[in-house]
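Below you'll find the structure, written out as structure tokens, and then a few comments.
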Amino acid sequence: MPPLVRFFVKTAFLWLVLALGLKALALTSWGASIPAITPVSWHALFVGWLTQLIVGIAHWMLPTIPGARRERLRGDERVMWGVYALLNAGLLLRVISEPMVIARQEMALWRGLLIASAWLQWLALVLFVGNSWLRVRPAVKRGKRG
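Here the sequence shown is numbered in my numbering, starting from 294 and rising by one per residue.
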């Protein structure tokens, strides 16, 4: 498994642990008093864990680009490191800013950071799709096996 894919998978596991920890905390009387705990935990679960796991494994498992140089068989790895950075930066911004917005902190900063978090995550997934697009192609027709 390539190092980049391991980063995606291990980071996805960290988000899973965080999401489940927040879910467990929400079951306590103290955690139940935090209104942002539910949306933050769901986002950590579905974007932090599931989406990140899917992106990492898809980068590894999709067919390689035919005729590409060895270092470009899976697209541009620098773009995928950017995807990793943008996705996780967006997730961290969301975990920090969403509770403040829900707590009605009227600072435009928190709303701006929440919007920025969404844009970062969106950009990460657009870059992933763009980098992976050529790898999704029709099956190659082969001669009859005999």
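Where a beta carbon is used, it is the ideal one built from N, C-alpha and C, also for glycine.
Q) Grouping DSSP H, G and I as helix and E and B as strand, with all else coil, what is I447? A) The chain is shown only over 294 to 439; residue 447 falls outside these bounds and no answer can be derived.
Q: Would you tell me roughly how many angstroms separate the C-alpha atoms of W415 and L297, rounded to the nearest one?
A: Position 122 of the sequence shown, counted from the start, is the residue given in the question as residue 415. Position 4 of the sequence shown, counted from the start, is the residue given in the question as residue 297. Those two C-alpha atoms are separated by around 20 Å.
Q) Which class does A329 belong to by DSSP, given the choice of helix, strand or coil? A) As a position in the sequence shown, residue 329 is number 36, starting the count at 1. Coil, per DSSP.
Q.
Going by DSSP in three states, K303 sits in which element: helix, strand or coil?
A. As a position in the sequence shown, residue 303 is number 10, starting the count at 1. Helix at K303.
(Q) Just to confirm the assignment: which complete alpha helix (DSSP H) runs, minimum length 4, are found wholly within the segment 335-399? (A) 345-354, 370-395
Q. Hey, V340 and N424 are a contact pair by Cβ (cut 8 Å); roughly how many whole angstroms apart?
A. Residue 340 sits at position 47 when you count from the first residue of the sequence shown. Residue 424 sits at position 131 when you count from the first residue of the sequence shown. V340 to N424, Cβ: 18 Å. No contact.
Q. By Cβ distance, which residues of its chain are closer than 8 Å to L380, with the 5 residues on each side in sequence left out?
A. To locate residue 380, count along the sequence shown from 1; it is residue 87. V340, T344, Q345, V348, L413, Q414, A417, L418, listed in sequence order.
Q.
For A411, which residues in the same chain have their Cβ closer than 6 Å to its Cβ, ignoring the five residues on either side in sequence?
A. Position 118 of the sequence shown, counted from the start, is the residue given in the question as residue 411. No residues qualify anywhere along the chain.
**Q.** Unbroken alpha helix (DSSP H) run spanning V429, endpoints
**A.** For this step, residue 429 is matched to residue 136 along the sequence shown. No alpha helix (DSSP H) contains V429, which DSSP labels as neither H nor E.
Q. What's the C-alpha gap between P356 and D369?
A. In the sequence shown, counting from the first residue as 1, residue 356 sits at position 63. In the sequence shown, counting from the first residue as 1, residue 369 sits at position 76. If you take the alpha carbons of P356 and D369, they lie about 14 Å apart.
Q) Where does L385 land, buried or exposed, given buried means 16+ other C-beta within 10 angstroms? A) Counting from one through the sequence shown, the residue named residue 385 turns up at place 92. With fewer than 16 Cβ atoms within 10 Å of its Cβ, L385 is classed as exposed.
Q. Where does L320 fall in DSSP's three states?
A. For the purposes of this step, residue 320 is identified with residue 27 of the sequence shown, where counting begins at 1. Coil, per DSSP.
Q. Where G314 and P359 are concerned, what is the direct C-alpha to C-alpha distance, given to the nearest angstrom?
A. Position 21 of the sequence shown, counted from the first residue, corresponds to residue 314. Position 66 of the sequence shown, counted from the first residue, corresponds to residue 359. Taking the straight line from one Cα to the other gives about 43 Å.
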